[in-house]
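Trainee: Residue numbering for the sequence shown follows this note's numbering, starting at 3 and increasing by one per position.
Questions regarding the structure given below will be posed in turn.
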Amino acid sequence: MDLTFRVNTLAPERYPSSSFYLHFYESQDSSEGPWNLITETDRLGTNDTAVLEDFLAIEFSFERLQWFKMEISELSENGVKVFKASEIFSIAQICAGPIIFPMVDQSGYRVSEVEIWSQLRDRTQPIVMQLEAKNLSTKLVSSNS
Numbered sequence: 003m004d005l006t007f008r009v010n011t012l013a014p015e016r017y018p019s020s021s022f023y024l025h026f027y028e029s030q031d032s033s034e035g036p037w038n039l040i041t042e043t044d045r046l047g048t049n050d051t052a053v054l055e056d057f058l059a060i061e062f063s064f065e066r067l068q069w070f071k072m073e074i075s076e077l078s079e080n081g082v083k084v085f086k087a088s089e090i091f092s093i094a095q096i097c098a099g100p101i102i103f104p105m106v107d108q109s110g111y112r113v114s115e116v117e118i119w120s121q122l123r124d125r126t127q128p129i130v131m132q133l134e135a136k137n138l139s140t141k142l143v144s145s146n147s
């Protein structure tokens with residue numbers, strides 16, 4: 003499944019560096035983490051709406067609930083990434099249709115909105131073959147089959 007993101011900066015004045023980064027994490031366990039970084043963007047400007055088409059491709063699993071976290075950060079004057087906002091969601095939310103997440107900073111101010119939508123990739127269907135054999139000698143059949 004391909005995920006596309008649209009990031010709209012609602013409060014550019016809250017970003018002193020006039021730029022930000024979007025980080026994307028996955029948890030194998032729960033919505034509490036631990037979180038593994040999957041990918042992150044190059045620097046994005048606060049004056050533009052960033053559209054990240056097919057930004058991320060993931061394998062959808064029916065066996066378990068998949069949790070993701072996105073974070074927005076910016077570089078401080080000394081080059082350290084400063085956390086701005088984050089959101090945790092499940093892949094089931096994205097599959098239901100496009101969804102918009104308000105990104106709220108630590109003071110409760112809505113700094114950005116991130117819209118995410120998905121598109122299933124075309125996949126070739128596997129060929130399933132079923133064979134039947136009779137009167138095979140055990141010498142012909144390997145022990146690994």
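For glycine and all other residues, C-beta sits at the position ideal for the given N, C-alpha and C.
If I follow the unbroken beta strand (DSSP E) through Ala94, where does it start and stop?
Mentor: In the sequence shown, residue 94 corresponds to position 92, counting from 1. Premise fails: Ala94 lies in the alpha helix (DSSP H), Ile93 to Cys97, not in any beta strand (DSSP E).
Trainee: For Ala52 versus Val9, is the C-beta spacing smaller than 7 angstroms?
Mentor: Numbered from 1 along the sequence shown, position 50 holds the residue referred to as residue 52. Numbered from 1 along the sequence shown, position 7 holds the residue referred to as residue 9. Against a cut-off of 7 angstroms, the Cβ pair of Val9 and Ala52 comes out as a contact.
Trainee: Using three-state DSSP, classify Glu61 as helix, strand or coil.
Mentor: In the sequence shown, residue 61 corresponds to position 59, counting from 1. Three-state result, Glu61: coil.
Trainee: How long is the line joining the alpha carbons of Ser45 and Leu77, rounded to whole angstroms?
Mentor: Your numbering for residue 45 matches position 43 in the sequence shown. Your numbering for residue 77 matches position 75 in the sequence shown. Note that residue 45 is Arg in the sequence shown, not Ser. Cα to Cα, the separation comes out at about 9 angstroms.
Trainee: Below 8 angstroms, can you find three or more Cβ-Cβ pairs linking the stretch 121-138 to the stretch 21-39?
Mentor: no
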